[in-house]
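Undergrad: Sharing a structure with you now.
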Ligand code: SF4
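Numbering (this note's numbering), first residue to last: 177 to 610.
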């Protein structure tokens with residue numbers, strides 16, 4: 177029987193200690209490991225991704241991941257007599273379309289006990305055993321990135337000259353990776369645009385985009401990275417394989433929130449000593465934006481009380497939203513729970529500044545919010561459907577209650593403006609109607 181990965185402590189649901197963070201994907205609020213692996217690898221434009229499983233698994237992943245996916249669509253015959261022939265047949269046909277192939281195992285073939293690596297030993301494929309019962313989206317995402325790093329280290333002799341190729345690129349212009357781009361995130365394209373804009377502002381170019389690039393780009397990264405969402409960082413894993421233990425590369429620093437933007441670019445400027453990185457435009461834009469946000473917050477607080485807010489998103493977004501709302505609107509965070517575990521698993525997760533709880537079911541959220549007064553909910557369409565009359569801002573997959581045609585950022589300077597804009601609109605519209 178699936179265990180819930182949380183425990184109630186009064187008003188908040190706090191994650192248990194390290195080691196308890198992996199759980200079977202028992203909570204339908206966030207996708208399973210297979211979808212995470214599919215999202216990480218399908219972002220590689222010249223890699224064909226095959227979901228080895230039933231049509232249900234394929235359509236679930238296809239609904240969540242915007243990039244093209246393929247499937248073996250196994251049925252009862254393969255489940256009873258074995259799926260090896262079907263798997264080889266699909267790998268051969270998809271190989272005609274892509275340079276590289278990744279195969280992701282799902283629950284049924286995994287339970288059948290077939291070894292897909294052995295079945296595909298004669299084919300050049302990356303095989304990921306990521307059935308939903310190993311955990312949530314993030315488990316599969318990380319597993320896929322690790323397998324990809326190992327695969328590229330073995331299959332490519334790409335170590336020599338990587339740094340020269342990507343860090344100090346054409347005309348001596350330094351190149352920096354953009355990390356944390358996850359296609360499940362409704363804001364990933366906006367984040368990518370904003371990160372590229374910020375790098376441009378100080379004369380830097382974009383190197384690899386993790387995980388939304390070509391295979392060549394991702395396996396030949398720069399040692400330097402910035403991250404639009406540290407929950408989905410993979411530069412560190414890939415760079416460890418590319419640059420080894422002597423690598424100059426470091427984990428990508430966050431671009432969520434103005435303070436992090438400034439800190440990240442200051443660190444980048446320190447880490448690129450041979451070049452003059454001019455971050456003055458970033459500094460002045462951050463200053464102007466801070467004034468805009470302060471004025472907007474003050475204007476709201478002259479008319480209304482500080483809002484009571486409940487926040488449900490992935491961990492880093494949750495932390496960012498809580499931070500901006502408490503800083504500029506004096507918000508009271510009445511309840512908050514992340515869809516996933518904190519990116520830094522080595523830190524004590526009980527000691528986060530906003531008491532961000534662990535993975536919560538919609539039932540738990542409904543129970544807690546029914547007994548807690550809140551003025552604003554930040555989350556996904558699930559929370560919106562549960563509390564349709566509440567002021568609401570979408571920050572998490574899935575967002576289906578509104579159109580998302582325009583590429584909105586959450587990261588960077590524009591991301592702070594966007595979130596504050598959404599929050600103030602939602603709060604003031606509900607206040608006017610009341
Ligand atoms: S891999 Fe497992 S948990 Fe994920 S969609 Fe398929 S059956 Fe469901």
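Yeah, the Cβ is synthetic: ideal placement off N, Cα and C, and Gly gets one too.
Which of the three DSSP states is assigned to residue 241 in this structure?
TA: Counted from its first residue, the chain shown places residue 241 at position 65. Reduced to three states, the DSSP call for residue 241 is coil.
Undergrad: Does DSSP classify residue 602 as helix, strand or coil?
TA: Looking up residue 602 in the chain shown gives position 426. Of the three classes helix, strand and coil, the one that applies to residue 602 here is helix, per DSSP.
Undergrad: Straight-line CA distance for residue 407 to residue 535?
TA: Here residue 407 is taken as the residue at index 231 of the chain shown, counted from 1. Here residue 535 is taken as the residue at index 359 of the chain shown, counted from 1. Taking the straight line joining both Cα atoms gives about 14 Å.
Undergrad: Using the Cα positions of residue 556 and residue 495, report the straight-line distance between them to the nearest angstrom.
TA: For the purposes of this step, residue 556 is taken as residue 380 along the chain shown, with counting starting at 1. For the purposes of this step, residue 495 is taken as residue 319 along the chain shown, with counting starting at 1. When rounded, the distance between both Cα atoms is 16 Å.
Undergrad: Indicate whether residue 360 and residue 247 have their beta-carbon atoms separated by less than 8 Å.
TA: Taking the chain shown and counting its residues from 1, the one referred to as residue 360 is at position 184. Taking the chain shown and counting its residues from 1, the one referred to as residue 247 is at position 71. No, the Cβ-Cβ distance between residue 360 and residue 247 is not below 8 Å.
Undergrad: For ligand 1, any of its heavy atoms closer than 7 Å to the Cβ of residue 282?
TA: Taking the chain shown and counting its residues from 1, the one referred to as residue 282 is at position 106. Indeed, a heavy atom of ligand 1 lies less than 7 Å from the Cβ.
Undergrad: Which of helix, strand or coil does DSSP assign to residue 382?
TA: Here residue 382 corresponds to residue number 206 of the chain shown, with the count starting at 1. Strand, per DSSP.
Undergrad: Does the Cβ of residue 252 have 16 or more other Cβ atoms within 10 Å, making it buried, or fewer, making it exposed?
TA: Counted from its first residue, the chain shown places residue 252 at position 76. It counts as exposed.
Undergrad: Using 8 Å as the threshold, is the C-beta distance between residue 210 and residue 316 below it?
TA: Indexing the chain shown from 1 puts residue 210 at position 34. Indexing the chain shown from 1 puts residue 316 at position 140. It is a contact, given that the beta carbons lie within the stated cut-off.
Undergrad: Let me check you understand the geometry: is the CB of residue 410 closer than 7 Å to at least one non-hydrogen atom of ligand 1?
TA: To locate residue 410, count along the chain shown from 1; it is residue 234. Checking the Cβ of residue 410 against ligand 1 gives no.
Undergrad: Using a Cβ-Cβ distance cut-off of 8 Å, determine whether residue 569 contacts chain B.
TA: In summary, chain B is missing from the structure at hand, where a single protein chain is found.
Undergrad: Can you find at least 3 beta carbon pairs, one from the segment 230-239 and one from the segment 273-285, that sit closer than 8 Å?
TA: The segment 230-239 vs the segment 273-285: in contact.
Undergrad: Report yes if the CB atom of residue 390 is closer than 8 Å to the CB atom of residue 222, and no otherwise.
TA: Indexing the chain shown from 1 puts residue 390 at position 214. Indexing the chain shown from 1 puts residue 222 at position 46. Yes, Cβ-Cβ distance for residue 390 and residue 222 is below 8 Å.
Undergrad: In chain order, what residues of the same chain lie with their CB nearer than 7 Å to the CB of residue 378, ignoring the 5 residues before and after it?
TA: Within the chain shown, the letter at position 202 stands for residue 378. Closer than 7 Å at the Cβ level, and outside the excluded window around residue 378, lie 441, 453, 454, 455, 457 and 458.
Undergrad: Express the C-alpha separation of residue 228 and residue 212 in angstroms, rounding to a whole number.
TA: For the purposes of this step, residue 212 is taken as residue 36 along the chain shown, with counting starting at 1. For the purposes of this step, residue 228 is taken as residue 52 along the chain shown, with counting starting at 1. Cα-Cα distance, rounded: 14 Å.
Undergrad: Which of helix, strand or coil does DSSP assign to residue 235?
TA: Along the chain shown, one-based indexing puts residue 235 at 59. DSSP places residue 235 in helix when its eight states are reduced to three.
Undergrad: Can you give me the Cβ contacts of residue 296 inside the same chain, cut-off strictly under 8 Å, excluding the 5 residues immediately before and after it?
TA: Counting from one through the chain shown, the residue named residue 296 turns up at place 120. Excluding residues within five positions, the ones whose Cβ falls inside 8 Å are 263, 264, 267, 279 and 303.
Undergrad: Using CA coordinates, which residue listed in 528, 504 and 354 is at the minimum distance from residue 415?
TA: Position 239 of the chain shown holds residue 415. Out of 528, 504 and 354, 354 has the C-alpha closest to the C-alpha of residue 415.
Undergrad: Three-state secondary structure (DSSP) at residue 350?
TA: Translated into the one-based positions of the chain shown, residue 350 becomes position 174. In this structure, residue 350 counts as strand in the three-state DSSP scheme.
Undergrad: Please name the residue or residues paired with residue 278 in a DSSP beta bridge.
TA: Here residue 278 refers to the residue found at position 102 when the chain shown is read from its first residue. Paired residue(s): 225 and 302.
Undergrad: Report the three-state DSSP secondary structure of residue 475 (helix, strand or coil).
TA: In the chain shown, the residue the question calls residue 475 occupies position 299. In this structure, residue 475 counts as helix in the three-state DSSP scheme.
Undergrad: Assign residue 476 to buried or exposed, taking buried as 16 or more other Cβ atoms, counted over all protein chains shown, within 10 Å of its Cβ.
TA: Position 300 of the chain shown holds residue 476. With 16 or more Cβ atoms within 10 Å of its Cβ, residue 476 is classed as buried.
Undergrad: Helix, strand or coil for residue 396, going by three-state DSSP, please let me know.
TA: Taking the chain shown and counting its residues from 1, the one referred to as residue 396 is at position 220. Residue 396: coil per DSSP, three-state reduction.
Undergrad: Whose CA, out of 256, 599 and 482, lies closest to the CA of residue 549?
TA: By one-based count along the chain shown, residue 549 stands at place 373. With distances taken between Cα atoms, residue 549 lies closest to 482.
Undergrad: Please work out which residues of its chain come closer than 7 Å, Cβ to Cβ, to residue 497, disregarding the five sequence neighbours upstream and downstream, and give them in chain order.
TA: In the chain shown, counting from the first residue as 1, residue 497 sits at position 321. Cβ within range, chain order: 487, 489, 554, 571 and 595.
Undergrad: State yes or no: is the C-beta of residue 493 within less than 8 Å of the C-beta of residue 586?
TA: Indexing the chain shown from 1 puts residue 493 at position 317. Indexing the chain shown from 1 puts residue 586 at position 410. Taking 8 Å as the Cβ cut-off, residue 493 and residue 586 qualify as a contacting pair.
Undergrad: Rounded to whole angstroms, what's the CA-CA distance from residue 320 to residue 380? Just pull it up for me.
TA: In the chain shown, counting from the first residue as 1, residue 320 sits at position 144. In the chain shown, counting from the first residue as 1, residue 380 sits at position 204. Their Cα atoms are separated by approximately 29 Å.
Undergrad: What did DSSP end up calling residue 430 once you bin it into helix, strand or coil?
TA: Within the chain shown, numbered from 1, the residue matching residue 430 stands at position 254. Residue 430 falls in the strand class under three-state DSSP.
Undergrad: Answer yes or no: the CB of residue 308 versus the heavy atoms of ligand 1, is any distance below 7 Å?
TA: Stepping through the chain shown from its first residue, residue 308 is reached at position 132. Yes - ligand 1 has a heavy atom lying nearer than 7 Å to the Cβ of residue 308.
Undergrad: Mark residue 539 as exposed unless 16 or more other C-beta atoms lie within 10 angstroms of its C-beta, in which case mark it buried.
TA: In the chain shown, the residue the question calls residue 539 occupies position 363. With fewer than 16 Cβ atoms within 10 Å of its Cβ, residue 539 is classed as exposed.
Undergrad: Take residue 469 and list the residues in its own chain whose beta-carbon comes closer than 6 Å to its own, dropping the five residues that flank it on each side.
TA: Numbered from 1 along the chain shown, position 293 holds the residue referred to as residue 469. Here the set comprises 504 and 596.
Undergrad: Determine the closest residue to residue 467 out of 513, 373, 579 and 592, with distance taken between C-alpha atoms.
TA: For the purposes of this step, residue 467 is identified with residue 291 of the chain shown, where counting begins at 1. Checking every option, the nearest Cα to that of residue 467 belongs to 592.
Undergrad: Taking the Cβ atom as the reference point for each residue, do residue 602 and residue 562 lie within a distance shorter than 8 Å?
TA: Counting from 1 along the chain shown, the entry for residue 602 is found at position 426. Counting from 1 along the chain shown, the entry for residue 562 is found at position 386. Contact flag unset, no.
Undergrad: Given 7 Å as the limit, tell me if residue 613 has its C-beta closer than that to any heavy atom belonging to ligand 1.
TA: Coverage of the chain is limited to positions 177 through 610, which leaves residue 613 absent and any answer about it impossible.
Undergrad: Just to confirm the assignment, what range does the alpha helix (DSSP H) spanning residue 484 have?
TA: Position 308 of the chain shown holds residue 484. Residue 484 -> not in any alpha helix (DSSP H); beta strand (DSSP E) instead, spanning 484-489.
Undergrad: Label residue 599 either buried or exposed according to how many other C-beta atoms from any shown protein chain fall within 10 Å of its C-beta, with 16 as the threshold for buried.
TA: Counting from one through the chain shown, the residue named residue 599 turns up at place 423. Looking at its Cβ environment, which holds 16 or more other Cβ atoms inside 10 Å, residue 599 is buried.
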